[in-house]
Amino acid sequence: MSSVDDVISFWLEEVGPERWYAQSDALDSQIRDRYLPLWEKARNGRLMNWASCPRGALAFLIVTDQFPRNMFRNDARAFATDELARRVAARACHLGFDCQIAEPARQFFYLPLMHSESQMDQDRCVRMFLLRMPESGADNLLHARAHRAVIREFGRFPYRNDALGRASTAQERAFLKRGGYMDALNGLKEAA
Numbered sequence: 001m002s003s004v005d006d007v008i009s010f011w012l013e014e015v016g017p018e019r020w021y022a023q024s025d026a027l028d029s030q031i032r033d034r035y036l037p038l039w040e041k042a043r044n045g046r047l048m049n050w051a052s053c054p055r056g057a058l059a060f061l062i063v064t065d066q067f068p069r070n071m072f073r074n075d076a077r078a079f080a081t082d083e084l085a086r087r088v089a090a091r092a093c094h095l096g097f098d099c100q101i102a103e104p105a106r107q108f109f110y111l112p113l114m115h116s117e118s119q120m121d122q123d124r125c126v127r128m129f130l131l132r133m134p135e136s137g138a139d140n141l142l143h144a145r146a147h148r149a150v151i152r153e154f155g156r157f158p159y160r161n162d163a164l165g166r167a168s169t170a171q172e173r174a175f176l177k178r179g180g181y182m183d184a185l186n187g188l189k190e191a192a
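Quick note: the sequence shown uses full-length UniProt numbering, first residue 1, plus one each step.
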């Protein structure tokens, strides 16, 4: 079974920042082959002990927030452990675990808030990037603000609707046709 150190080494060193947000079928398959049993264990509440220290919490958040987005693209399971990750991230930030992790890995404590469909979580995510990653988090801050803008407008992420079996409104369909998230991101860039 994978360990905290294995997860962190894989994500931070093997995958690295240049591939964290790039879509790759090969990487998705590699993560699924290597970490699906670990994700299932986390989903079933059997990795909660990892969340009791900074590095363990970081590994837990990678497994529950990042890995499913790779393993299950366009599938509801991509979001199945979001609430679990959000709760652990909120607790870890409250305890200051995030500040004990060097950047850029620190961002993984804030991404579960960015992935939340709660306006309060979105506001908190923007605040965390502003306060706890002010220098190196500029790009992340822009993305946090774009996610928050989508939630402010729709109350949810319309680009998840198909995977989650939700009907899209006419306004959401128009947003998706304009480019969805990229439209929101470009709107913020133009306003800056």
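The beta carbon of each residue, even a glycine, is placed where N, CA and C say it ideally should be.
| Item | Value |
| --- | --- |
| CB contact flag (residue 80, residue 32, <8 Å) | no |
| As assigned by DSSP and simplified to three states, the class of residue 100 | helix |
| Simplified DSSP assignment, three categories, for residue 56 | helix |
| Beta carbon of residue 69 nearer than 8 Å to that of residue 78 | yes |
| Which listed residue (175, 53, 181 and 17) has its alpha carbon closest to that of residue 94 | 53 |
| Beta-carbon proximity check, residue 90 vs residue 65, cutoff 8 Å | no |
| Inter-residue CB distance, residue 88 and residue 131 (contact presumed, cutoff 8 Å) | That belief does not hold up - the Cβ atoms of residue 88 and residue 131 are roughly 20 Å apart, past 8 Å. |
| Between the CA atoms of residue 18 and residue 135 - distance to the nearest angstrom | 19 Å |
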